[in-house]
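Chemist: Under UniProt numbering, the first residue of the sequence shown carries the number 1, and numbering increases by one thereafter.
Glycine included, every Cβ here is placed at the ideal spot set by N, Cα and C.
If you scroll down you'll find the structure; I have some questions about it.
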Amino acid sequence: MDDPGRTAVTPSLHHVVTGPSDAPPLLLGPSLGTSTVVWDPQLASLSRHFRVIRFDLPGHGGSPTHLLPGAAAGATTVDDLATLVLRLAGDLSLSRFHYAGISLGGAIGAHLALTAPERVATLALVCSSAHFGGPGPWWERAALVRDGGTGPLLAATPGRWFASDRGPATDRQARLLDGLATCDPEGYAACCDALASYDVRARLREITTPTLVIGGTQDLATPLDHAEELAAGIPHATLTTVRTGHLADEQPRAVATALLTHLSARPASLDLPTPDI
């Protein structure tokens, strides 16, 4: 039976489940500062063949910050976020699942593939990285948000999130920016702390999960060389480039097609169907 969109809240991460209840589960992780909304453009295509589970990071969308074991400055790691995702999977009785994530959501997926490879059937890293730069800028951003909320970030964020040659923000892009404005400062800052300490460059060759890397040719936050590093380091990873900015917002069909191609190439995993793309 098709589930048009069921919403759940704590004790798990806030999440929305869409698609056939008996279809293979596909978890979709969001980028820093966004919510389940970031995956809206791909939802129709993906949910025809998968039980799509979109979740919110702590302090984002419907997920409260207090889900974290501690949100003090510097305390949160990607491991903490991945643990929450595994708790969600457990609450949904998912012993194994497919995973795709944008940016920080991708980092969570890579961490899961390293620490719980038996749980992750396939992995897709969208506009993500093995290392998001030195910790200093992330600590500075976290301190700024803890002091004054996410409002000070709003002016510069469109240039980081969206392709540089776009005109005025679309309605969807405005909705994404509204989501950033309503993030809980402590939760957002905690996720910045997680990015500050994240570095799996030396461990990429340990990832054995079949992996797709999608890089945005106009991504200024994680430029294409980040995607190339992921694809070169992860054994047998596939690299697809899309003419898009950091949230992969400008070419949703191309992103969905790449994901479906990646997933349909492994029909034995979780008894996958072969989707019509």
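1) Among the residues of its own chain, which have a CB less than 6 Å from the CB of Asp219, if the five just before and after it don't count?
2) Take Gly101 and list the residues in its own chain whose beta-carbon comes closer than 6 Å to its own, dropping the five residues that flank it on each side.
3) If we ignore side chains and look at the alpha-carbon of each, how far apart do His236 and Glu206 end up?
4) Buried or exposed: which applies to Glu140, given that a residue is buried once 16 or more other Cβ atoms fall within 10 Å of its Cβ?
5) Using a threshold of 9 Å, state whether the C-beta atoms of Tyr188 and Thr150 are closer than that.
6) Here's the rule: buried if 16 or more other CB atoms are within 10 angstroms of the residue's CB, otherwise exposed. What is Thr65?
7) Over what stretch of residues does the beta strand (DSSP E) that includes Val120 continue unbroken?
8) Using only CA atoms, which one of Arg87, Ser103, Thr241 lies nearest to Arg96?
9) Which first and last residues belong to the alpha helix (DSSP H) in which Thr238 is found?
10) Grab me the residues of Ala196's own chain with a C-beta within less than 7 Å of its C-beta, minus the 5 sequence neighbours each way, in chain order.
11) Pick out whichever of Pro158, Arg146, Thr18 has its Cα sitting closest to the Cα of Thr36.
12) Classify Leu32 as helix, strand or coil using the three-state DSSP reduction.
13) When the Cα atoms are used, what is the spatial distance from Ser264 to Val120?
14) Taking Ala100 as part of the beta strand (DSSP E), name the residues at either end of that continuous run.
15) Report the CB separation of Leu123 from Thr209 in whole angstroms; it is logged as a contact under 8 Å.
16) Using a Cβ-Cβ cutoff of less than 6 Å, which residues in the same chain neighbour Thr240 once the five nearest sequence positions on both sides are dropped?
17) Just to confirm my understanding: we take Leu224, look at its own chain, exclude 5 residues before and 5 after, and list those with CB closer than 8 Å. What are they?
18) With a Cβ-Cβ cutoff of 9 Å, do Thr76 and Ala194 count as a contact?
19) Buried or exposed, going by whether 16 or more other CB atoms sit within 10 Å of the CB of Thr211?
20) On the DSSP letters alone, give me the boundaries of the alpha helix (DSSP H) that Thr261 sits inside.
21) What does the alpha-carbon distance come out to for the pair Gly105 and Leu112?
22) Measure the beta-carbon distance from Leu57 to Leu27 and round it to whole angstroms, keeping in mind my assumption that it falls under 8 Å.
23) Is it right to say Val51 is buried, meaning 16 or more other beta carbons lie within 10 angstroms of its own, or is it exposed?
24) Classify Pro152 as buried or exposed, calling it buried when 16 or more other Cβ atoms lie within 10 Å of its own Cβ.
25) Output the boundary residues of the alpha helix (DSSP H) element that contains Gly179.
Modeler: Let me lay it out:
1) Counted from its first residue, the sequence shown places residue 219 at position 219. Contacts found: Cys127, Gly245, His246.
2) Here residue 101 refers to the residue found at position 101 of the sequence shown. Result list for Gly101: Gly29, Ile108, Gly109, in chain order.
3) The residue given as residue 236 occupies position 236 in the sequence shown. The residue given as residue 206 occupies position 206 in the sequence shown. Distance between the alpha carbons of His236 and Glu206 is about 12 Å.
4) Looking up residue 140 in the sequence shown gives position 140. The residue in question, Glu140, is exposed, as its Cβ has fewer than 16 Cβ neighbours within 10 Å.
5) Along the sequence shown, read from residue 1 onward, the residue named residue 188 stands at position 188. Along the sequence shown, read from residue 1 onward, the residue named residue 150 stands at position 150. Yes; because the gap between Cβ atoms is below 9 Å, this pair is in contact.
6) Start at 1 with the first residue of the sequence shown, and residue 65 comes out as number 65. It counts as buried.
7) For the purposes of this step, residue 120 is taken as residue 120 along the sequence shown, with counting starting at 1. It spans 120-126 - the beta strand (DSSP E) in which Val120 sits, taken as one unbroken run.
8) For the purposes of this step, residue 96 is taken as residue 96 along the sequence shown, with counting starting at 1. When each option's Cα is compared against that of Arg96, the closest is Arg87.
9) Mapped onto the sequence shown, residue 238 falls at position 238. Unbroken run through Thr238 is the beta strand (DSSP E), 238-242; no alpha helix (DSSP H).
10) Here residue 196 refers to the residue found at position 196 of the sequence shown. The residues are Pro135, Trp138, Trp139.
11) Numbered from its first residue, the sequence shown carries residue 36 at position 36. Ranking Pro158, Arg146, Thr18 by Cα distance to Thr36 puts Thr18 first.
12) Your numbering for residue 32 matches position 32 in the sequence shown. Leu32: coil per DSSP, three-state reduction.
13) Along the sequence shown, one-based indexing puts residue 264 at 264. Along the sequence shown, one-based indexing puts residue 120 at 120. Approximately 15 Å between the Cα atoms of the pair.
14) Start at 1 with the first residue of the sequence shown, and residue 100 comes out as number 100. Ala100 -> beta strand (DSSP E) spans 97-102.
15) By 1-based counting over the sequence shown, the position of residue 123 is 123. By 1-based counting over the sequence shown, the position of residue 209 is 209. That pair is a contact at about 5 Å.
16) As a working note, residue 240 is residue 240 in the sequence shown. Counting only Cβ-Cβ distances below 6 Å, and skipping sequence neighbours, we find Ile214, Ala258.
17) The count along the sequence shown starts at 1 and reaches residue 224 at position 224. Counting only Cβ-Cβ distances below 8 Å, and skipping sequence neighbours, we find Gly215, Gly216, Thr217, Thr241.
18) For the purposes of this step, residue 76 is taken as the residue at position 76 of the sequence shown. For the purposes of this step, residue 194 is taken as the residue at position 194 of the sequence shown. Yes, the Cβ-Cβ distance between Thr76 and Ala194 is below 9 Å.
19) Reading the sequence shown from its first residue, position 211 is the one you call residue 211. Thr211 should be labelled buried.
20) As a position in the sequence shown, residue 261 is number 261, starting the count at 1. Going by DSSP, Thr261 is part of the alpha helix (DSSP H) stretching over 252-264.
21) In the sequence shown, counting from the first residue as 1, residue 105 sits at position 105. In the sequence shown, counting from the first residue as 1, residue 112 sits at position 112. Taking the straight line joining both Cα atoms gives about 11 Å.
22) Stepping through the sequence shown from its first residue, residue 57 is reached at position 57. Stepping through the sequence shown from its first residue, residue 27 is reached at position 27. The pair is not a contact, with the Cβ atoms about 13 Å apart (cut-off 8 Å).
23) Against the sequence shown, residue 51 aligns to sequence position 51. The sequence given here places Arg at residue 51; Val does not occur at that position. Looking at its Cβ environment, which holds 16 or more other Cβ atoms inside 10 Å, Arg51 is buried.
24) In the sequence shown, the residue the question calls residue 152 occupies position 152. That one is exposed.
25) Stepping through the sequence shown from its first residue, residue 179 is reached at position 179. Per DSSP, Gly179 belongs to the alpha helix (DSSP H) from 171-181.
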